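Okay, structure first, notes after.
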Amino acid sequence: ESGLDKFLRESMAEDEEFKSLFLAQVMELPVSTQLRVLRNFRGLSQAALSKKTRIVQPEVARIERADSNPKARTLERMAKGLGARVEIVPLNVIPLVAAQQIRTQGEDYFDNVTVRAR
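Quick note: the sequence shown uses my numbering, first residue 286, plus one each step.
Right, here's the structure in full:
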């Protein structure tokens, strides 16, 4: 794990706002890059993802390249292997999704603080 990977993992674990903003930025990347980022975040090698999805490792590598054009079914298998799902989100909606996640997390936090204070 690189220093950046460690920093991102720790920052996202500690700071929900950072996590939401980071994930919103990732959502704007090409699907191939999103898959690679998620695979790295999950701590999986291409070989490990290949085993989980039964997609041969060279195909996983090909899909992670920016110029790839995988079939929808292949993307679904990779996403499932990564504990995710494929969604189509309009670019102009991504900031709204991130804001909603932050608001929900804030509400959950304050609900928990209120419960603990009683």
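From the three backbone atoms N, C-alpha and C, an ideal C-beta is built for every residue, glycine too. Model, not experiment: these values are computed from the prediction.
Boundaries (first-last residue) of the alpha helix (DSSP H) holding residue i
| i | result |
| --- | --- |
| glycine 328 | Segment: none, glycine 328 is in no alpha helix (DSSP H) and carries neither H nor E. |
| valine 311 | 301-312 |
| glycine 366 | 357-366 |
Environment of residue i [buried if 16+ CB atoms lie within 10 Å]
| i | result |
| --- | --- |
| glycine 328 | exposed |
| glutamate 349 | buried |
| leucine 334 | buried |
| arginine 321 | buried |
| serine 287 | exposed |
Distance CB(residue i)-CB(residue j) smaller than 9 Å
| i | j | result |
| --- | --- | --- |
| valine 316 | valine 371 | yes |
| alanine 383 | leucine 323 | no |
| glutamine 342 | alanine 357 | no |
| isoleucine 387 | methionine 312 | no |
Cutoff 9 Å: residue i Cβ touching any chain D Cβ
| i | result |
| --- | --- |
| alanine 298 | Checking the listed chains, one finds no chain D in this structure; it contains a single protein chain. |
Exercise. Could you tell me whether the region 286-302 touches the region 354-364, using the rule of 3 or more Cβ pairs below 8 Å?
Key: no
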